[in-house]
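Asker:
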Amino acid sequence: MSTVHPAAHRIALFGDLLDISAPPPAGQPLDAPPLGVRWRPAHWLLVEDGRIHAVQTEAPDATWTRHEHPGRLILPGFIDTHVHAPQLDVIASYGTELLDWLNRYTFPTELAWGDPAVAQAGCEAFVRQLLRHGTTSALVFPTVHKGSVDALFSAAQARGMRLLAGKCLMDRHAPPGLLDTVDSAERDSLDLIQRWHGQGRLAYAHTVRFAPTSTEAQLALAGELLAAHPGTYLQTHVAENRAEVEWVRSLFPFARSYLDVYAQHELLGPRSVLAHGIWLDPEDRVRLRETGAVIAHCPTSNTFLGSGLFDWRGHAERGVRLSVATDVGGGTSLSLQRTLAQAYQVAALQGQRLDAYSLLYAATAGNAEALGLAQEIGRLEPGLVADLAVWRWSDDDSVLAQRLARAESLHDRLFAWLMLGDERLLVQTHVAGVPQL
Ligand code: GUN
Ligand code: ZN
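Using this note's numbering, the first residue of the sequence shown is number 37, and each one after it goes up by one.
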């Protein structure tokens with residue numbers, strides 16, 4: 037942490053602390069919190085210089101500035117591992133599947149971000165909305181325009197947020213105003229890496245939009261950039277929609293599969309996050325496990341765009357690293373509660389069950405692990421950065437309140453909260469201890 041806001045020097049938050057250091061093993065009884073679930077009601081969380089200093093039941097002395105939230109839930113900040121900053125303007129757009137959706141809604145909106153003033157206003161609104169949903173970190177797609185990356189990193193830096201992003205690489209199959217070239221992509225990427233990567237809590241992510249919008253030469257460039265710049269990430273989409281998969285097959289006839297296009301260009305590794313992955317085959321799953329690449333499950337997007345049902349358990353059992361993500365604006369909400377509720381329902385449609393602890397783990401410590409950031413974010417533990425959110429369990433006179441009154445265990449309570457709650461229950465978001473709202 038290079039800078040810490042003076043207001044965060046020494047603060048103490050009081051409330052009901054919950055974090056999950058490991059998901060419960062399958063089949064574990066859920067009536068009492070299993071190992072790895074830390075439920076610490078009526079505790080103090082002490083934050084010094086942006087980091088968690090201690091968790092305790094005794095009230096701290098007068099040198100600590102108190103923020104008291106009796107009866108409220110304090111969770112690690114949510115982490116969104118795949119989201120598009122410009123797409124808040126097209127969220128909830130009617131009537132299309134992926135490829136038509138991109139042409140009809142998404143590309144026109146992203147074109148407008150060629151104007152740096154539009155990108156700046158859009159990024160400030162986007163970052164504010166992340167925080168208003170209790171999300172403190174994200175891996176984000178801006179647009180092809182260099183100015184959109186400057187705008188996004190500036191907005192995150194002003195808040196001290198841990199944010200990963202990079203300019204979209206796309207040199208074909210999009211409107212002219214959204215295209216770069218191999219040369220301009222290299223120039224812009226190098227300039228952005230030099231100015232932003234490793235500045236405070238920011239990191240650069242080479243952002244291949246998806247295989248159809250990059251030439252082989254540009255995919256090769258992305259692979260070279262990833263290898264040449266330690267600590268940078270790779271983000272893209274893979275095997276989301278059946279028509280898209282067919283298109284990739286015709287564009288890259290030499291590749292065994294969609295995933296193989298990325299493998300052949302050295303784009304798969306432990307810092308690679310590929311969204312969707314619905315239409316992968318067993319060999320692809322082996323490849324994912326071997327390379328340590330992560331599939332970001334985007335359940336509200338996959339259902340909204342009619343893309344398909346991602347097989348969470350099938351991937352997890354085969355050792356594929358997984359994360360969860362909103363994928364706004366194909367996704368329908370920036371809320372991780374809404375995203376987890378949809379993940380539960382997508383699993384249920386396949387005869388699977390995701391318990392509330394595993395769901396909450398996925399959106400916090402699990403996503404932190406997927407991004408290689410488990411030693412910084414995702415848990416309420418001394419030494420980690422104090423990125424967290426304070427939530428109401430329910431609002432008065434609500435269905436959730438009625439349901440919680442009957443809850444029989446912490447799991448029952450948390451499950452109902454995840455299924456029925458959303459950003460309207462948020463009280464405050466803290467980034468490195470500093471209140472943001
Ligand atoms: N594939 C390529 N671009 C996009 C995008 O913006 N959203 C989604 N969901 N899939 C994509
Ligand atoms: Zn996406």
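Note that CB positions come from ideal geometry on N, CA and C, so glycine has one too. Quick caveat, the model's predicted, so the values are computed rather than measured.
Does the Cβ of Gln230 have 16 or more other Cβ atoms within 10 Å, making it buried, or fewer, making it exposed?
Answerer: exposed
Asker: I'd like the span of the alpha helix (DSSP H) that includes Pro152, first residue to last.
Answerer: Pro152 to Arg168
Asker: Given His301, which residues of its chain have a CB within under 8 Å of its CB, disregarding the five upstream and five downstream residues?
Answerer: Glu252, Leu255, Ala256, Ala258 and Gly259
Asker: Going by alpha carbons, who is nearest to Gly402 out of Arg415, Asp391 and Leu390?
Answerer: Arg415
Asker: In three-state DSSP terms, what is Glu326?
Answerer: Note: Glu326 maps to helix in three-state DSSP.
Asker: Report yes if the C-beta distance between Ala121 and Phe177 is below 8 Å; otherwise report no.
Answerer: Cβ atoms of Ala121 and Phe177: closer than 8 Å.
Asker: Under 6 Å, CB to any heavy atom of the ligand ZN. Which residues pass, going along the chain?
Answerer: His118, His120, His273, Ala311, Asp363 and Gly366
Asker: Whole angstroms is fine: what's the gap from Arg307's alpha carbon to Tyr269's?
Answerer: 5 Å
Asker: Just to confirm, does Thr142 get its C-beta within under 7 Å of one of the non-hydrogen atoms of the ligand GUN?
Answerer: yes
Asker: Expressed to the nearest angstrom, what Euclidean distance is found between the alpha-carbon atoms of Leu473 and Thr465?
Answerer: About 7 Å.
Asker: Please confirm whether Asp116 and Ser445 have their CB atoms less than 8 Å apart.
Answerer: no
Asker: Quick check: the region 340-347 against the region 371-390, are at least 3 beta-carbon pairs closer than 8 Å?
Answerer: yes
Asker: Going by alpha carbons, who is nearest to Pro318 out of Trp283, Val284 and Gly355?
Answerer: Gly355
Asker: Going residue by residue through the region 242-310, where are the continuous alpha helix (DSSP H) segments of at least 4 residues, counting only ones entirely within it?
Answerer: The region 242-310 contains these whole alpha helix (DSSP H) runs: 252-264, 278-287 and 294-300.
Asker: Using three-state DSSP, classify Val91 as helix, strand or coil.
Answerer: strand
Asker: Based on the DSSP secondary-structure assignment, which residues constitute the bridge partners of Phe50?
Answerer: Trp80 and Glu104
Asker: With which residues is Ala201 paired in a DSSP beta bridge?
Answerer: Val176 and Tyr240
Asker: Roughly how many whole angstroms lie between the Cα atoms of Leu134 and Asn277?
Answerer: Approximately 7 Å between the Cα atoms of the pair.
Asker: Assign Arg321 to one of two classes, buried (16 or more other C-beta atoms within 10 Å of its C-beta) or exposed (fewer than that).
Answerer: buried
Asker: Leaving aside the five residues before and after Ala291 along the sequence, list all residues of the same chain whose C-beta is less than 7 Å from its C-beta, in chain order.
Answerer: Val297 and Gln300
Asker: If you run the structure through DSSP and keep just helix, strand and coil, what is Met37?
Answerer: Confidence in Met37 is poor, its pLDDT being 43 and thus under 50, which makes the residue's placement unreliable; the coordinate value appears in the next sentence. Looking at Met37 - three-state DSSP - the assignment turns out to be coil, as it is neither helix nor strand.
Asker: Per DSSP, Pro471 forms a beta bridge with which residues?
Answerer: His466
Asker: When you measure from the CB of Glu282 to every non-hydrogen atom of the ligand GUN, does any distance come out below 7 Å?
Answerer: Checking the Cβ of Glu282 against the ligand GUN gives no.
Asker: In the DSSP assignment, find the unbroken alpha helix (DSSP H) run with Ala475 in it and report its ends.
Answerer: Within the shown structure, residues of the chain are numbered from 37 to 473, placing residue 475 beyond reach of any answer.
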